[in-house]
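Colleague: Protein chains in written order, with the numbering used here: chain R, 1 to 282; chain D, 1001 to 1295. Quick reminder that beta carbons are idealized off the backbone N, C-alpha and C, glycines included. None of the values given here were measured: they were computed from a predicted structure.
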């Protein structure tokens, strides 16, 4: 009887352990596979050439510039909006029922599929406001997409600031905005930064909404202003990966290496910020 | 005087911050309005029941047919595949992190598994297309280049971190006195997990699964790349299918004249997608934030 129970226990432990290490193994296989496919296509030309019909001539230049533009603009719009919204919800909002609904709405927005944001961007920014296939449309769509993510993570960071700080500030006569902007925001900043980096790195990899609003995959120029049309790194990768020739799969792999290196650097930065500066945590 | 000026600033800032928050509900309102309006136009020419119950989806070829079931069926196959991969694995990983492994090991494993969640979906599509499909082809030689099986598997890998971290939180939230009570009675960790922790955390485990399903339904690029563009009613995972999301991408890659029926179909199936994920998110978030038993 006891023997059987222990046997079950040992079997379960082995099962748990092997599944966990299988997940880690899958990640390693994924990374190794992509390195093997793409690394031989990573040459200097690859970064300075425009896309081409010929795999050995094709490059990422327009995609890199396009991604840099669209991400900078997205960050510019979404960071102030998101942090301000989080500050409102945590510090200013009255404890009323409708705030609860605002909160539920933000959670739902965070779970809405990105392609729905693409439809929204297509109907509103591209058609209704007539922004066409420009960087404006792309970055505004991505802003709406990552806004709920930024709000939720910033709220968590703000909530982690202990009340004693707020009380101390009030007790020496500070007004609400002085508490919020002078005390709470600086104290929560490392946590907010971590969330921001993660949200923006999500925007970097987003493909579907940009395809929806009509970001092009064959762009042989570099965008020079926010009204220009553009392509982005993931869209270029999608275009290459969808072609049947093996050589294009190779350069798609090379594009993915660039994308992943960039994301790993950002994520590493986020971890560093958290470990170095974060004093308060939930 | 001095105080009044500050009061003014305070009110001004309050108003400005509220304006920022209002972007979120304006967004939701606009989504509902856009999807509703375009679908309304669509359903004036297409019967709602033909749409919901029709079994042929051929909006781009004559004779046109607008039965959405093949797309729903394709989406369902991906979801089922993803759930089979992710749910048992996610729960076992959470159990391992919680009961068996040292805090030091778990502080290494957790971020590594989180990396899986941060990889863009396009990369998963590429992985399915260039690695998983060729690997399975050795087992099933008649498998297509595009198929539901590999797409379902990568979507499963993608939602795995979500399930494992939500379940991990759920297990952690179970009060340690009932856990330790069970240990004190001589229960093995296996018995503690399956008979004490999992029953206590069941609503949050269910929530994690519902939220993961919602994520799998809305997943776009991986299925567009790996599952193909052939809407059909099949339950054979080796065949090429099309999901709701992949259809929307397919249409938007072509030239879509505004007001054309193709343009409107996107919004009609988009509305269906939004509706499905919204309901699942509401249910999931409700259960996630409800209290754990015994707390």
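1) Would you report the Cα separation of residue 1252 (chain D) and residue 1048 (chain D), rounded to the nearest angstrom?
2) Against chain R, with Cβ distances strictly below 7 Å, would residue 1073 (chain D) count as a contact?
3) Which chain R residues sit within Cβ distance under 8 Å of residue 1010 (chain D)?
4) So that I know if they touch, is there some Cβ in chain R lying closer than 7 Å to that of residue 1159 (chain D)?
5) In terms of residue numbering, what span does the alpha helix (DSSP H) encompassing residue 1137 (chain D) cover?
6) Check the Cβ of residue 1282 (chain D) against every Cβ in chain R and list those closer than 7 Å, keeping chain order.
7) Is it buried or exposed for residue 1144 (chain D), if we count other Cβ within 10 angstroms and need 16 for buried?
8) So which residues on chain R does residue 1131 (chain D) lean against when the C-beta distance must stay under 7 Å?
9) Name the residues in the stretch 142-174 of chain R whose C-beta lies less than 8 Å from a C-beta of chain D; which are they?
10) Decide if residue 276 (chain R) is buried, meaning its Cβ has at least 16 other Cβ atoms within 10 Å, or exposed.
11) So, is residue 249 (chain R) buried or exposed, given that buried needs 16 or more other C-beta atoms within 10 angstroms?
12) Determine which residues share a DSSP beta bridge with residue 1057 (chain D) and list them.
13) Helix, strand or coil for residue 1240 (chain D) per DSSP?
14) Suppose the cutoff is 6 Å on Cβ atoms and the five residues either side in sequence are ignored; what does the same chain contact list for residue 1171 (chain D) look like?
15) The alpha helix (DSSP H) with residue 3 (chain R) in it runs from where to where?
16) Using a Cβ-Cβ distance cut-off of 7 Å, determine whether residue 1295 (chain D) contacts chain R.
17) Anything in chain D within Cβ reach of residue 9 (chain R), meaning under 8 Å, just list it in chain order.
18) Determine the direct distance from the alpha carbon of residue 1071 (chain D) to that of residue 122 (chain R), and round the result to whole angstroms.
19) Buried or exposed: residue 7 (chain R), going by 16 or more other Cβ atoms within 10 Å of its Cβ?
20) Might you give, ordered along the chain, the residues of its own chain that have their beta carbon closer than 6 Å to the beta carbon of residue 136 (chain R), omitting 5 neighbours on each side?
21) Quick one: is residue 171 (chain R) buried, meaning 16 or more other Cβ sit within 10 Å of its Cβ, or exposed?
22) Which chain D residues are close to residue 26 (chain R), counting only those with a beta carbon under 8 Å from its beta carbon?
23) Could you work out which residues of chain R lie near residue 1285 (chain D), taking near to mean beta carbons separated by less than 9 Å?
24) Assuming residue 291 (chain R) contacts residue 210 (chain R) under a Cβ cut-off of 8 Å, what Cβ separation, rounded to an integer in Å, is found between them?
25) Report buried or exposed for residue 72 (chain R), applying the criterion of at least 16 other Cβ atoms within 10 angstroms of its Cβ.
26) Quick check: is the beta carbon of residue 1203 (chain D) nearer than 7 Å to any beta carbon in chain R?
27) Are the C-beta of residue 87 (chain R) and some C-beta of chain D separated by less than 7 Å?
28) Taking a Cβ distance cut-off of 9 Å, strictly less, list which residues of the stretch 1037-1065 of chain D are near chain R, in chain order.
29) What does residue 140 (chain R) reach in chain D if we use C-beta pairs closer than 9 Å?
30) Who are the near neighbours of residue 1082 (chain D) in its chain, counting only those whose CB is closer than 7 Å to its CB and skipping five residues on each side?
31) Looking only at its chain, what residues have a beta carbon closer than 7 Å to the beta carbon of residue 18 (chain R), apart from the 5 residues adjacent to it on each side?
32) Throw me the rounded Cβ distance for the residue 1271 (chain D) and residue 1067 (chain D) pair, which I believe falls under 8 Å.
33) Under 9 Å, CB to CB, which of the residues in the stretch 1205-1236 of chain D have a partner in chain R?
34) If you reduce the DSSP assignment to three classes, tell me which class residue 1290 (chain D) lands in.
35) Please identify the residue among D:1050, D:1221, D:1163, D:1193 whose C-alpha is closest to the C-alpha of residue 1174 (chain D).
36) Hey, how far is the Cα of residue 1010 (chain D) from the Cα of residue 185 (chain R)?
Modeller: Working from what's here:
1) 23 Å
2) no
3) 175, 176, 177
4) no
5) 1133-1139
6) 108
7) buried
8) 33
9) 144, 147, 148, 151
10) exposed
11) buried
12) D:1066
13) coil
14) 1094, 1098, 1197, 1201
15) 2-38
16) Confidence is the limiting factor: at residue 1295 (chain D) the pLDDT is only 42, short of 50, which leaves the residue's position unreliable, though a coordinate-based value still follows. Not an interface residue.
17) 1188, 1189, 1190, 1191
18) 22 Å
19) exposed
20) 226
21) exposed
22) 1116, 1157
23) 104, 107, 108, 111
24) Nothing can be reported for residue 291 (chain R): it is not among the residues displayed for chain R, which extend from 1 to 282.
25) exposed
26) no
27) yes
28) 1037, 1038
29) Result: empty, since nearest Cβ-Cβ is about 11 Å, beyond 9 Å.
30) 1152, 1155, 1156, 1159, 1216
31) none
32) Actually they are not in contact, since the Cβ atoms of residue 1271 (chain D) and residue 1067 (chain D) sit about 16 Å apart, beyond 8 Å.
33) 1211, 1214, 1215, 1217, 1218, 1219, 1220, 1221, 1224, 1225
34) coil
35) D:1193
36) 16 Å
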